[in-house]
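Counted the way our numbering counts, the sequence shown spans residues 31 to 193.
What follows is one structure encoded as structure tokens, with my remarks underneath.
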Amino acid sequence: MPGLWRFSSHNGKGRGLLTLFVLHSLSKEPKSGYGLLKEIERKTKGLWMPSKGTLYPILRQLKDEELIQMVEIGKRSKNIFELTTKGKETLIGLREHRKESREKLLQFKNLFSDIFGEDKGEDEEDNGLIFEIRDIIAHLPPDKKNQAVETLEKCLGDLKRIQ
């Protein structure tokens, strides 16, 4: 089912935002369910933390689909999960749909603007450009970062002159 917080991979299977985050987080290092909950709480600065009743069924489903596996039972009998090869491939497939994800984020921003009366701006293309710039910079090799900063500083100067 299509949705604002559903993301599709090349095989067409939709994944929710929380599932996408779990795959992303486990791609960095193995964690327990509790560790994932605390990471989300930290990243949202305490504003949101899913319940165990939301997260643990997702972990069970991902394990059943062989996208994650239990690698050990940690302290206090905590199950530690890691991404499998199939899970890594799924995450790559989901990340290949960045443009679709950006568009969904912009739609959410539009809803937020409607609710709270914020100006959406004349041109939604501007928002797309900002996301594209961020994406390109995030994937630059380290030796190109300084060149990107110089280019952005020049662009910023040009924009200030046309105000």
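Backbone N, C-alpha and C fix where the C-beta goes; we use that ideal spot for every residue, glycine too.
Being a predicted model, the structure only gives us computed values, none of them experimental.
| query | result |
| --- | --- |
| Host alpha helix (DSSP H) of Gln177 (start-end) | 175-191 |
| When Leu141, Arg90, Gln177 are compared against Thr49, the one with the closest alpha-carbon | Arg90 |
| Lys61 beta carbon less than 8 angstroms from that of Ile110 | yes |
| Bridge-paired residues (DSSP) for Met79 | According to DSSP, which records beta bridges pairwise, Met79 is partnered with nothing at all. |
| Identified DSSP bridge partners for Ile110 | Ser62, Glu102 |
| At least 3 beta-carbon pairs within less than 8 angstroms: the stretch 50-58 vs the stretch 113-127 | yes |
| Nearest-angstrom Cα separation, counted from Leu159 out to Val179 | 16 angstroms |
| Three-state secondary structure assigned by DSSP to Gly123 | helix |
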